[in-house]
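Quick note: the sequence shown uses numbering that gives the first Met the number 0, first residue 0, plus one each step. Beta carbons: idealized from backbone N, C-alpha and C, even for Gly.
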Amino acid sequence: MNDNPRILVISHNVFSKSTAMGKTMSSMLSCVPPENLAQLYFHSEVPTTDVCKNYFRITDQNVLNSIVTRRTNYTVFGEQDIRSDVSSPRTDKGAVAKIYQFSRRRTPWIYNARNLMWKMGKWNSEALIKWLKDFSPDVIFFASGDYAFSYQVTYSISVMLQIPVIIWCCDDYYFSKRGMNTPGGRYCHRNLMKWVSRISDRTKSVVVISDRMKRDYSEIFSQPIYTIRISAPKNQTALPVECRSGIVYVGSLGINRITPLMELGRQLKTANISGFECIDVYSGDRNEHTISLLTEDNGLRFHGSASAEKVPEILGAAKYVLHVEAFDENSKGRTGYSLSTKIGECLQSGACIIAYGPSDISSIEYLRESRAAVVLSDAEELPAVLQKMNGRTYEYLKYVNCAYELAESNHNKEVNDAQMIQIIKDSSCGRNTNET
Numbered sequence: 000m001n002d003n004p005r006i007l008v009i010s011h012n013v014f015s016k017s018t019a020m021g022k023t024m025s026s027m028l029s030c031v032p033p034e035n036l037a038q039l040y041f042h043s044e045v046p047t048t049d050v051c052k053n054y055f056r057i058t059d060q061n062v063l064n065s066i067v068t069r070r071t072n073y074t075v076f077g078e079q080d081i082r083s084d085v086s087s088p089r090t091d092k093g094a095v096a097k098i099y100q101f102s103r104r105r106t107p108w109i110y111n112a113r114n115l116m117w118k119m120g121k122w123n124s125e126a127l128i129k130w131l132k133d134f135s136p137d138v139i140f141f142a143s144g145d146y147a148f149s150y151q152v153t154y155s156i157s158v159m160l161q162i163p164v165i166i167w168c169c170d171d172y173y174f175s176k177r178g179m180n181t182p183g184g185r186y187c188h189r190n191l192m193k194w195v196s197r198i199s200d201r202t203k204s205v206v207v208i209s210d211r212m213k214r215d216y217s218e219i220f221s222q223p224i225y226t227i228r229i230s231a232p233k234n235q236t237a238l239p240v241e242c243r244s245g246i247v248y249v250g251s252l253g254i255n256r257i258t259p260l261m262e263l264g265r266q267l268k269t270a271n272i273s274g275f276e277c278i279d280v281y282s283g284d285r286n287e288h289t290i291s292l293l294t295e296d297n298g299l300r301f302h303g304s305a306s307a308e309k310v311p312e313i314l315g316a317a318k319y320v321l322h323v324e325a326f327d328e329n330s331k332g333r334t335g336y337s338l339s340t341k342i343g344e345c346l347q348s349g350a351c352i353i354a355y356g357p358s359d360i361s362s363i364e365y366l367r368e369s370r371a372a373v374v375l376s377d378a379e380e381l382p383a384v385l386q387k388m389n390g391r392t393y394e395y396l397k398y399v400n401c402a403y404e405l406a407e408s409n410h411n412k413e414v415n416d417a418q419m420i421q422i423i424k425d426s427s428c429g430r431n432t433n434e435t
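Here you go:
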């Protein structure tokens with residue numbers, strides 16, 4: 000067994016302190032010394048954190064250009080290139096930013112076009128092979144997604160270096176029915192599952208973020224499956240209940256979360272409860288349509304994005320924090336198995352959590368079963384809940400204490416880090432010798 004395995008991370012997004020995916024990956028692998036990490040990623044982002052100091056970036060634009068020129072383009076970032084002075088790793092602007100927002104619609108056409116582009120393009124350059132061999136990883140940590148090309152890249156590298164794979168699933172892409180009502184959608188899903196099956200032969204362990212996912216993914220994977228939820232530190236800025244004010248939402252507005260947020264905001268606007276007239280929203284979302292809906296007419300006061308350092312302060316000063324998920328079937332297909340990256344921070348905030356979303360998805364089940372949040376079945380319930388909780392401090396604190404207990408049990412960084420280190424060591428024990 001290698002006591003200090005070297006880990007190649009393959010992902011769409013770069014490690015970061017601000018974006019949801021980048022922040023989650025940073026937390027999951029912060030137990031690994033930076034010199035034992037290298038990351039190959041596919042977004043136009045730049046590194047902003049030294050959790051890793053060795054990066055290789057290949058973007059869609061690089062791959063598209065290679066189809067025409069047959070020349071590879073890439074960017075290598077070292078320790079000296081880490082931009083710790085910027086708040087966000089995102090670099091796309093102008094036309095590139097608009098293309099990225101368009102691609103977030105995730106239609107079957109977009110999936111198939113992007114997968115085909117990576118199949119036709121030249122990504123496996125001599126420079127990448129040299130970079131990989133110079134680092135000489137013992138195991139691949141693959142942040143899986145719903146694009147087949149990333150599985151193909153991971154599989155190819157695993158075979159070339161003869162090293163095993165740890166698959167990390169933070170969202171469900173395998174049982175989702177999205178796009179399955181069209182021939183293009185069905186082809187896209189079949190293609191994805193073909194590559195899931197192939198990479199499974201190279202896989203030693205699977206890491207998921209919810210027990211529901213662990214249970215159902217046993218149908219797909221024969222390897223050991225582990226649940227590791229996102230860790231969250233104690234909130235050192237948490238105020239006493241009598242010093243708190245307002246109701247806030249911090250996090251992504253993707254997957255149609257703007258809809259339940261507006262429903263709640265409009266109820267507050269109508270109820271006009273002193274101190275709770277609006278929901279204060281902090282998000283780095285760039286979708287122009289979504290941002291246009293964040294108005295006080297909808298009971299929403301938009302503050303833009305909040306830095307990683309500012310988020311605990313915002314949550315620690317709020318009287319109530321919101322967790323929302325959309326009710327439409329398309330959104331439920333995306334969030335059914337997932338657990339928001341912000342849940343751990345909300346549990347540690349010292350505020351009362353109010354959750355509003357479908358009763359049969361993982362995050363709502365998780366909070367309801369542990370009694371760590373007030374769970375609404377209808378947005379109209381919000382004003383009455385606020386009035387009731389404002390007059391009953393003992394009941395308010397009951398939810399806060401349950402939240403703290405759940406955070407200590409499932410979001411404890413020391414416990415999660417120890418489990419992750421053991422998974423990495425067990426998975427990298429010996430080279431994967433499966434035939435290709």
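C-beta atoms of residue i and residue j nearer than 8 Å
i           : j           : result
residue 345 : residue 381 : no
residue 48  : residue 229 : no
residue 122 : residue 75  : no
residue 332 : residue 82  : no
residue 317 : residue 246 : yes
residue 289 : residue 257 : yes
residue 167 : residue 142 : yes
residue 172 : residue 215 : no
residue 360 : residue 335 : yes
residue 219 : residue 154 : no
residue 362 : residue 234 : no
residue 134 : residue 53  : yes
residue 205 : residue 222 : yes
residue 236 : residue 308 : no
residue 15  : residue 22  : yes
residue 80  : residue 46  : yes
residue 105 : residue 59  : no
Contact set for residue i: own chain, Cβ-Cβ below 6 Å, skip 5 residues either direction
i           : result
residue 190 : 147
residue 39  : 9, 55
residue 300 : 277, 279
residue 337 : 170
residue 283 : 304
residue 124 : 71
residue 19  : 251, 340
residue 193 : none
Bridge partner(s) assigned by DSSP for residue i
i           : result
residue 8   : 38, 140
residue 247 : 279, 320
residue 224 : 205
residue 351 : 319
residue 76  : 54
residue 375 : 355
residue 301 : 280
Sequence-distant residues of the same chain with beta carbon closer than 8 Å to residue i, five excluded per side
i           : result
residue 35  : 3, 4, 5, 6
residue 260 : 248, 252, 278, 280, 299, 321, 323
residue 433 : Here residue 433 scores only 48 on pLDDT, less than 50, and its place in the model should not be relied on; the value that follows carries that caveat. Hits under 8 Å: 200, 201.
residue 352 : 319, 320, 321, 322, 345, 346, 366, 371, 372, 373, 398, 402
residue 378 : 259, 262, 263, 265, 266, 355
residue 431 : Summary for residue 431: the model assigns pLDDT 46, below 50, so the residue's position carries little reliability; its value from the coordinates is reported in the next sentence. Excluding positions up to five away in sequence, the list reads 157, 161, 162, 163, 164, 201, 203.
residue 213 : 207, 224, 225, 226
residue 423 : 4, 6, 31, 138, 140, 165
residue 244 : 274, 316, 317, 318
residue 50  : 14, 25, 28, 29, 33, 36
residue 292 : 257, 261, 299
Integer-rounded CB distance, given that residue j should sit under 8 Å from residue i
i           : j           : result
residue 231 : residue 410 : 5 Å
residue 272 : residue 386 : 7 Å
residue 88  : residue 13  : 5 Å
residue 405 : residue 369 : 5 Å
Close beta carbons around residue i, own chain, < 7 Å, minus the five adjacent residues each side
i           : result
residue 395 : 240, 351, 388
residue 0   : The pLDDT assigned to residue 0 is 38, lower than 50, so where the model puts this residue is not dependable, and the model offers no usable value.
residue 26  : 229, 230
residue 435 : Caution applies to residue 435, whose pLDDT of 43 falls short of 50 and renders its modelled position unreliable; the value that the coordinates give is listed next. Closer than 7 Å at the Cβ level, and outside the excluded window around residue 435, lie 158.
residue 437 : The requested residue 437 is not part of the displayed model; the chain covers only 0 to 435.
residue 65  : 71, 72, 120, 121
residue 416 : 30
residue 180 : none
residue 77  : 52, 53
residue 329 : 177
Residue-level contact to chain C via CB, residue i, 8 Å cutoff
i           : result
residue 345 : In the structure shown, chain C does not exist; there is a single protein chain.
What beta strand (DSSP E) runs, 3 residues minimum, are completely inside the segment 135-183? Runs of the beta strand (DSSP E) inside the segment 135-183: 138-142, 164-168.
Could you pull out every unbroken alpha helix (DSSP H) segment of at least 4 residues lying fully inside the segment 107-134, listed in chain order? If we require 4 residues or more, the alpha helix (DSSP H) runs fully inside the segment 107-134 come out as 107-119, 125-134.
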